[in-house]
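S.K.: Here it is: the structure, laid out below.
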Amino acid sequence: TNHNNRRKEIIVQDQENILYLISNSGKILWKKQLEGTIQGKVHQVDLFKNSKLQFAFTTNNEFLIVDRNGKEVKPFTKKFTGGNLNPLSVFDYEG
1 TNHNNRRKEI IVQDQENILY LISNSGKILW KKQLEGTIQG KVHQVDLFKN
51 SKLQFAFTTN NEFLIVDRNG KEVKPFTKKF TGGNLNPLSV FDYEG
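Last residue of the sequence shown: 95 in full-length UniProt numbering, with the numbers rising by one and none dropped.
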């Protein structure tokens, strides 16, 4: 969901590991080359508790948080040597 206008959007990855954010009218808003296949689901999170949502997910060897413009949110992107990361789980302990 777009936090600016509450419209649904689609985030999808192709077989060449390119991640796309697509509007509800079918327009590609951005694309981002990833190093590997997304493990599990892409989660929307409000990392800074400001009602602006980010996308959080893992690939085989990375943990990434990307903003709605396709930019990595620093310092949260982490790379792991050896890979083998599991799908991401998200919990909100503060409610």
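We put the beta carbon where it would ideally sit given N, CA and C, even for glycine.
These numbers come from a predicted model, not from an experiment.
Ile18 to Tyr93, Cα distance in whole Å?
M.R.: Counting from one through the sequence shown, the residue named residue 18 turns up at place 18. Counting from one through the sequence shown, the residue named residue 93 turns up at place 93. Their backbone Cα atoms lie some 32 Å apart in a straight line.
S.K.: Is the Cβ-Cβ distance between Lys79 and Asn61 less than 8 Å?
M.R.: Taking the sequence shown and counting its residues from 1, the one referred to as residue 79 is at position 79. Taking the sequence shown and counting its residues from 1, the one referred to as residue 61 is at position 61. Yes, the pair counts as a contact, with Cβ atoms nearer than the cut-off.
S.K.: Pull up the DSSP beta-bridge partners for Phe55, would you.
M.R.: Position 55 of the sequence shown, counted from the first residue, corresponds to residue 55. DSSP, once it has assigned bridges, lists Gln44 and Val66 as partnering Phe55.
S.K.: With a cut-off of 8 Å on the beta carbons, I'd call Asn24 and Arg7 a contact; round off their distance for me.
M.R.: What you label residue 24 is simply residue 24 of the sequence shown in a count that begins at 1. What you label residue 7 is simply residue 7 of the sequence shown in a count that begins at 1. Between Arg7 and Asn24 the Cβ distance is about 5 Å, and since that is below 8 Å, they are a contact.
S.K.: My guess is that Leu21 and Leu34 are in contact by the Cβ rule of under 8 Å, so how many angstroms apart are they, rounded?
M.R.: Counted from its first residue, the sequence shown places residue 21 at position 21. Counted from its first residue, the sequence shown places residue 34 at position 34. The pair is not a contact, with the Cβ atoms about 13 Å apart (cut-off 8 Å).
S.K.: Ordered along the chain, which non-local residues of its own chain (more than five positions away) have a Cβ less than 8 Å from that of Asn69?
M.R.: Residue 69 sits at position 69 when you count from the first residue of the sequence shown. Same-chain partners within the cutoff: Trp30.
S.K.: Look at the alpha carbon of Asn4 and the alpha carbon of Asn86, and state the distance between them as a whole number of angstroms.
M.R.: Taking the first residue of the sequence shown as position 1, residue 4 is located at position 4. Taking the first residue of the sequence shown as position 1, residue 86 is located at position 86. Going by the C-alpha atoms only, they are around 31 Å apart.
S.K.: What does Ile10 pair with, by DSSP beta-bridge criteria?
M.R.: Position 10 of the sequence shown, counted from the start, is the residue given in the question as residue 10. Answer is Ile22.
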